[in-house]
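Residue numbers (our numbering), protein chains in the order written: chain A, 50 to 678; chain B, 3 to 226; chain C, 280 to 380.
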Amino acid sequence: MTIAFLIPLLPLLGFVLLLIFGKKLGSPNSGWLATAAVGASFVVSCVVLFSFLSRSAGNPYRVQHFFTWMSVANFHLDVGLLIDPLSLTMVLFVTGVSTLIHLYSIGYMKGDRDFSKFFLYLNLFVASMVILVLSDNFILTFVGWEGVGACSYLLVAFWFERPRAASAGKKAFVVNRIGDFGFLLASFLIFQRLHSLNYKTDFSHLNLLSPTSATVIALLLFLAAVGKSAQFPLFTWLVDAMEGPTPVSALIHAATMVTAGVFLMVRVAPILALSHIALLTIAIVGLATAFIGATSACAQNDIKKVLAYSTVSQLGYMFLAVGSQAYVAAIFLMVAHAFYKALLFLGAGSVIHGLHDEQDIKKMGGLRKWMPATSITFIIGWLAIGGVPPFAGFWAKGDVLLGAFSNSPILWAIGAFTGGLTAYYIGREVYLVFFGEPRWQQLAVKGPFHDSVHESPRIMLIPLYVLAIFSVLGGLLDLPFSKHLGFLGRWLAPLFAGLPQLQRVPVSLEITLGTVDAILAIAGVVVAHLIWSKNWQKPSLEPVFLNQGWKVDSTSDAVVARPGATVARLSSLFDSTFIDGIVNGVGALGVKIGTSIRKLQNGYIRNYAMGIAIGTVLLLAIELLRVTP
Amino acid sequence: MINSLIFYPLLATSLVSISVFVVGAAIVLAGACGVVLAKNAVHSALFLVMTLFGIAVLFVSEQANFLAAVQIIVYAGAIVVLFLFVIMLLGVDNLELQPIESKPRKVLGAVLIGLVVLAEILLLSRNSWTSGAPSTSGVAFGPGPTINRLADSIFSSYLLAFEATSALLIIAVISAVVLVRRNNFDSTQEDDFENQMPKQILESDSLSSTTGTNANKETKGNLL
Amino acid sequence: MSVSGTWYLTLAAALFSIGAIGLLIRRNILIMFMCIELMLNAVNLSFVTFSRTLNDIGGQSSVFFVLVVAAAEVVVGLGIIVMIFRRSATTNADDLHMLKG
C-alpha cells in the first residue's frame with residue numbers, strides 16, 4: 050500500500066526522462082522507456098490491489114497523505130491518494146490499457162519525426178490521468194483533470210502542420226474549458242458550503258447541504274463531465290479529435306480521458322443522490338447523447354469517425370447508468386468499453402497503417418484477405434460493442450439497461466433500440482472495410498500502392514490479441530446469474546453502501562429484458578449483413594443530417610459562436626475608438642502641450658534673462674504686498 | 003533699522019564722508035551707465051574699471067580696507083584685464099559695434115523692468131528686516147585692524163566654504179584650460195599622437211552639432 | 280560719522296538695476312557679462328554696508344567669497360565665449376540659439 054505513490058510517479062518519471070533524454074534515445078528506445086514506465090505503474094497497481102484485498106476488511110478507504118500543499122486560514126489542502134475500490138479499478142484499467150497502447154504506438158509511430166515527443170506526451174497524459182483518479186480531494190483531481198485536457202490538446206494537435214489537426218486541438222481545449230468552468234464553480238461552492246474539498250470530509254458532512262445547493266453542485270459537476278466526456282451538446286470536439294494519431298484516439302478518446310467524466314460522477318455519487326433533478330438530467334442527457342451518437346455513426350464514412358460517434362454513444366450509456374443510480378453498471382460498461390473500443394481503434398489504426406493513411410471506408414473493402422489478424426480482432430470488437438452474447442458488451446450494456454428500466458421503461462426502450470443500432474453501424478463499418486470487393490485498387494491508386502497493402506507488424510498485433518481476449522471475457526467481471534459471480538458489484542458495493550439502492554427487478558423480467566437486448570443486437574448484425582455485405586453505397590441510409598452529427602456543430606456556431614464574434618467585434622470597436630481614444634488623447638495632449646511650451650525655449654539667452662527679470666519683479670511684488678499692511 | 007536710518011540727519015555727518023560718498027557714487031553710476039551704453043566693448047571694459055574703482059572707494063569709506071584692496075587687485079587688476087585680453091584675442095574689429103538693442107520697444111521694456119525692480123527694492127527697504135539677533139561671526143569694528151577679524155571669521159566660521167572655494171578655483175582653471183585649448187586644425191605641425199584624440203572629438207562635435215541642427219529642423223517640421 | 284547706510288543701499292539698488300537693464304538690452308555677449316559683474320558689485324556693496332551698519336564681520340566674509348566665485352565664473356565664462364567665437368565667429372547673443380527647443 051505504501052508504494053501506491055509510485056503509480057503516478059513512474060509515468061511522471063518517464064515524462065521527465067523523456068523530456069531530458071528523449072531526443073538522444075530516439076526511435077524506438079524512447080518508446081520502450083515510456084512503455085516500461087507505464088507498465089511498471091501497472092505492475093505497482095496490481096501489487097497495491099493485492100495488498101488492498103488482503104488487508105481491507107470493511108473499510109473501503111485507504112488514504113495516503115503526503116504533504117500539505119497549501120494552508121490559508123481555514124483552507125487546508127493536502128496532497129494525498131485515496132485508495133478505494135473505485136480508484137483501484139480505474140487505475141488498473143487505465144494503466145493496463147495504456148501499456149498496451151504504448152506498446153502499439155511503438156509500431157504505429159515508427160518513423161515519425163517527433164517520435165520521442167509523442168511518448169513524452171503519452172506518459173504525461175497517463176500520469177495526469179492517474180493523479181485525477183487517485184486524488185483524495187477536488188483540487189488535486191482538478192490538477193489531473195487539467196493535465197489530461199492539456200495533453201489531449203497536445204496529442205490531438207500532434208501533427209500540427211495540418212490545419213485541421215491544429216484547429217481540432219484548439220476545439221478540444223476550448224470545449225473542455227467549458228467543463229473546467231463547471232468543475233471550478235462546483236469546487237468553490239462545495240468549499241463555501243462544507244469548508245473542505247476533501248472527498249471523505251465532504252461526504253461525511255453532506256447533511257449540511259441544502260437541496261438547492263446540492264442540485265446546483267451536482268449540475269455543475271455534471272457540466273464538467275459533459276465537457277470532458279463529450280456529452281450532448283459538447284460532443285463535437287471528440288469527433289474532430291480524430292485528427293490526432295490513432296493510438297491517441299484509442300488512449301484518450303476511447304479508454305481513458307473521456308471516462309474521467311463518468312469517474313467523477315461515480316466519485317461524487319453521494320452528492321448526486323441528494324438531487325433527483327440532477328439525476329434525471331444526467332439520465333436524459335446521457336440517453337440523448339447515446340441516441341444522437343449512434344444515429345450519427347450510421348452515416349459516417351471515416352473509419353475513425355464511426356468509432357468516435359460510437360464512443361459518444363457509449364459514454365451516453367454510462368451517463369444513463371449514472372443517472373439511474375446504477376453506478377456499478379456504469380463502471381462495468383466503462384471497463385468493458387475500454388477494452389473493446391481500444392481494440393476497435395487499434396484495429397482501425399492497423400487498417401489505416403496498412404493502407405498508408407487512407408481513412409475513407411468507401412475506399413476500402415475486402416481487406417480480410419490482406420489483414421486476417423486485424424479483421425478477426427476487429428470483428429470480435431464489433432460483436433462485443435454490439436452487445437451480442439456472450440461478449441463483454443452484452444453483460445455491461447445489459448446491466449445499464451436494467452438500471453434504466455428500473456428508472457423508467459421509456460429510457461430502457463430507447464436505450465435498447467440504440468443498442469441494436471450500435472450493432473448495425475459497426476457492422477456497416479466491418480462490411481465496408483473487410484468484406485466485399487476491394488475498392489482501394491480502383492479508387493485510391495496513388496503510386497506504388499497495390500502491392501504494399503500489408504498486415505501490421507507483430508508489435509501492433511499483440512495489443513490487439515490481448516484486447517480481443519479481454520473483450521470476449523470481460524463479461525466475467527460481473528455476471529448476473531449469481532451473487533457470487535458479480536465480482537465487480539461486490540467489490541464496489543461498500544462505496545455505495547449509504548446510497549439509495551436500485552430497486553431490484555424480478556429475475557424473470559431480467560431474463561426477458563436480456564433476451565430482448567440480445568435479439569435486438571443480433572437483429573442489428575443481421576440488418577448490417579443484409580444491407581452492406583453486397584452494397585457499398587446507399588445514400589438513403591446515410592443522410593447528410595446524420596453525417597454532420599445532427600448539425601450540432603453548425604447550430605452551436607450559429608447560436609453561440611456568431612453572436613460571440615459579434616460581441617467581440619463590437620467590443621473591439623469600443624476598444625479601438627473609445628479606450629484607445631482616451632489613451633491616445635492623453636498622449637496627444639502631452640504632445641500638444643509640449644509643442645506649445647517648446648516655443649518658450651527659443652534659445653535666446655536674453656529672453657531667458659528677461660524671464661528671470663520678470664520673475665524677480667513678480668517675487669518682489671509679492672513680498673511687497675505681503676509686508677504692506 | 004534702515005527705516006530709522008533714513009531720517010538720520012545728513013548734516014550730522016562730516017563733510018568729508020559726504021563728499022567721499024557723493025564722488026564715489028557719481029563714479030560708480032557714471033561707470034555703470036558707461037558700461038551699458040558704450041558702443042565699443044573696450045570702452046565698456048574701461049568703464050567697468052571705473053565702476054570698480056568707485057566701489058573700492060566706497061569700501062574704504064565703510065572701513066572695509068582689505069576688501070577695497072582686493073577689489074582693486076582682483077577685479078580691476080585681474081578680471082577686467084582678462085576681459086580686455088579676451089576682447090583683444092577675439093579681435094576688436096570682429097566685435098560688432100552695435101550699441102544697444104535695435105528694437106526700441108524692447109529697450110523700453112528692459113528699462114521699465116529695471117526701474118520697477120529699483121522701485122520695489124526701495125519700497126521694501128522701508129520695512130525693518132533685521133532680527134536683532136547677535137552676530138555669529140564676530141563684530142566688524144573693534145580694537146586692532148579689520149583684516150584680523152575678517153581672517154578669524156574666514157578661517158574659523160567659514161573654513162569649509164573657504165576650502166570649497168579653493169576646489170572651485172582649481173576646477174575653474176582646469177575647465178578653462180580644457181575649454182579654450184585649441185583643437186588643432188593644422189595637425190601637421192604638431193605631433194600626431196598628441197592630437198588624434200582632440201581632432202576626432204572636434205570632428206565628431208562639429209558633426210553632431212550640424213546634424214543636431216538638421217535633426218532639429220526636421221523634427222520641427224514633423225511636429226508642427 | 281560717515282554717511283548713513285541707507286544711501287549706500289540705495290546706490291547699490293541703482294547699480295543693480297543698471298546692471299540688469301544692461302543685461303537685457305545689450306547683445307554683445309561680453310558686455311552682458313560685464314553687466315553681470317556690475318550686479319555682483321552692487322550686491323557686494325550692500326554686503327559691506329550691512330556689515331558696517333550691523334557691526335558684523337560676516338558681511339565682509341561674504342564679499343570675499345563672492346569675489347572668488349566671480350573670478351572663477353569669469354574664467355569659465357570667458358573660456359566659453361572664446362569657444363563660441365571660434366565656432367561661429369560671433370559675440371552676438373542673438374545669433375546663438377542652437378539650444379532652442
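Every residue gets a Cβ at the ideal spot worked out from N, C-alpha and C, and that includes glycine.
Any beta carbon from chain A within less than 8 Å of residue i's own beta carbon?
i	result
I123(B)	yes
A372(C)	yes
L39(B)	no
L302(C)	yes
L378(C)	yes
With the cut-off set at 8 Å, would you say residue i and residue j are in Cβ contact?
i	j	result
N78(A)	A348(A)	no
F91(A)	G145(A)	yes
L569(A)	F466(A)	yes
V179(A)	P296(A)	no
A78(B)	F55(B)	yes
V97(A)	F115(A)	no
I360(C)	T370(C)	yes
A372(C)	I308(C)	yes
S424(A)	L432(A)	no
K277(A)	N350(A)	no
L317(C)	R655(A)	no
For residue i, count the other beta carbons within 10 Å of its own beta carbon; 16 or more makes it buried, fewer makes it exposed. Which is it?
i	result
W599(A)	buried
D133(A)	buried
Q650(A)	exposed
E165(B)	exposed
V87(A)	buried
H325(A)	exposed
H254(A)	exposed
T615(A)	exposed
I300(C)	buried
F295(C)	buried
E196(B)	Low confidence applies to E196(B): its pLDDT is 43, below 50, so where it sits in the model is not reliable enough to give any reading.
So, is the C-beta of residue i closer than 8 Å to a C-beta in chain B?
i	result
I297(C)	yes
L669(A)	yes
T604(A)	no
L375(C)	no
V342(C)	yes
L674(A)	no
V666(A)	yes
V347(C)	yes
Among the candidates the options, whose CA atom is the shortest distance from the CA of residue i?
i	options	result
V44(B)	M313(C), I360(C), L317(C)	M313(C)
L313(A)	V575(A), N186(A), F209(A), E292(A)	N186(A)
F530(A)	I560(A), I508(A), L541(A)	I560(A)
A350(C)	V182(B), L170(B), R183(B)	L170(B)
A309(A)	L246(A), I571(A), A387(A), A206(A)	A387(A)
G524(A)	S582(A), G447(A), I508(A), F545(A)	G447(A)
V515(A)	D409(A), I429(A), H254(A), S625(A)	I429(A)
Y480(A)	F427(A), F454(A), L460(A)	F427(A)
I29(B)	V38(B), T53(B), N42(B), V22(B)	T53(B)
L287(A)	D602(A), F191(A), I150(A), A332(A)	D602(A)
V334(A)	P549(A), V574(A), L460(A)	L460(A)
F484(A)	S201(A), W540(A), G228(A), P421(A)	P421(A)
L141(A)	S94(A), L534(A), G218(A), S625(A)	S94(A)
What is the C-beta distance between residue i and residue j, in whole angstroms, given that I count them as a contact (C-beta under 8 Å)?
i	j	result
V482(A)	V400(A)	6 Å
V197(A)	M306(A)	5 Å
A322(A)	L369(A)	Actually they are not in contact, since the Cβ atoms of A322(A) and L369(A) sit about 16 Å apart, beyond 8 Å.
Mind checking if residue i is an interface residue toward chain C, Cβ cutoff 8 Å exclusive?
i	result
I663(A)	no
I176(B)	no
D188(B)	Confidence in D188(B) is poor, its pLDDT being 47 and thus under 50, which makes the residue's placement too unreliable to answer from.
R655(A)	yes
G140(B)	yes
G652(A)	yes
Quick one: does the C-beta of residue i sit closer than 7 Å to a heavy atom of the ligand NAP?
i	result
N596(A)	Only the bare structure without any ligand can be found here, which leaves the ligand NAP out of the picture.
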